[in-house]
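Q: Here it is, the structure, as structure tokens.
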Amino acid sequence: MTEDNTIDVKNNFNHLITEEKNKHTVYCTKCPSKILSSTMGKYLRIEFNLPHMSQKKNCEAVECELLTDYWMVPDMYIFDNIGFSKTVESGIKYLICADCEIGPIGWYDDNTKQSYVALSRVKHEENS
1 MTEDNTIDVK NNFNHLITEE KNKHTVYCTK CPSKILSSTM GKYLRIEFNL PHMSQKKNCE
61 AVECELLTDY WMVPDMYIFD NIGFSKTVES GIKYLICADC EIGPIGWYDD NTKQSYVALS
121 RVKHEENS
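Structural data, given as structure tokens:
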């Protein structure tokens, strides 16, 4: 991918980013739960295969989606409201809404202690 393509992709989310951080408060898409306060996540482009939020019944394989745009949160205690799955593979846990349990909305790396919230899996709203 060229640098120009990287800039083009970032521009799709440019309205959500200020000084490389989340401009708006991050909420669950299903319930009114606040997940992350504004400016607490750093914008990061990293490829990760995240399972779809809804899976087909009677399908043995987990269907995933390659996502690249995330809010990186350096400490789990920065979140307002987040839940964690059991470890799914080599130190990776999935992030879910702690109230309604929808997800995964991102993942947690137990080795680095950093969390990654997919921009496309959450709502962004200005503070009231």
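Numbering (my numbering), first residue to last: 1 to 128. Even glycine gets a Cβ: it sits at the ideal position worked out from N, Cα and C. Fair warning: this is a prediction, and the values are worked out from it, not measured in the lab.
(1) Using a Cβ-Cβ cut-off of 6 Å (strictly less than) and excluding sequence neighbours within five positions of isoleucine 102, which residues of its own chain qualify?
(2) Output the boundary residues of the beta strand (DSSP E) element that contains glutamate 65.
(3) In this structure, how does DSSP classify isoleucine 78 when only helix, strand and coil are distinguished?
(4) Does DSSP classify asparagine 14 as helix, strand or coil?
(5) Measuring alpha carbon to alpha carbon, tell me which of Val88, Lys42, Phe79 ends up nearest alanine 98.
(6) Buried or exposed for asparagine 22, going by 16 or more other Cβ atoms inside 10 Å?
(7) According to the neighbour-count rule (16 or more other Cβ atoms, all chains shown, within 10 Å of its Cβ), is lysine 93 buried or exposed?
(8) Which partner residues does glycine 91 have in the DSSP bridge list?
A: The relevant details are as follows:
(1) Position 102 of the sequence shown, counting from 1, holds the residue named residue 102. Excluding residues within five positions, the ones whose Cβ falls inside 6 Å are Lys30.
(2) Here residue 65 corresponds to residue number 65 of the sequence shown, with the count starting at 1. 64-73 is the extent of the beta strand (DSSP E) around glutamate 65.
(3) For the purposes of this step, residue 78 is taken as the residue at position 78 of the sequence shown. DSSP places isoleucine 78 in helix when its eight states are reduced to three.
(4) Walking along the sequence shown from the start, residue 14 turns up at place 14. DSSP places asparagine 14 in helix when its eight states are reduced to three.
(5) The residue you call residue 98 lines up with position 98 of the sequence shown. Looking at the Cα atoms, Phe79 is the closest of the given residues.
(6) In the sequence shown, the residue the question calls residue 22 occupies position 22. With 16 or more Cβ atoms within 10 Å of its Cβ, asparagine 22 is classed as buried.
(7) In the sequence shown, counting from the first residue as 1, residue 93 sits at position 93. It is buried - the Cβ of lysine 93 has at least 16 other Cβ atoms within 10 Å.
(8) Along the sequence shown, read from residue 1 onward, the residue named residue 91 stands at position 91. Beta-bridge pairing links glycine 91 to no other residue.
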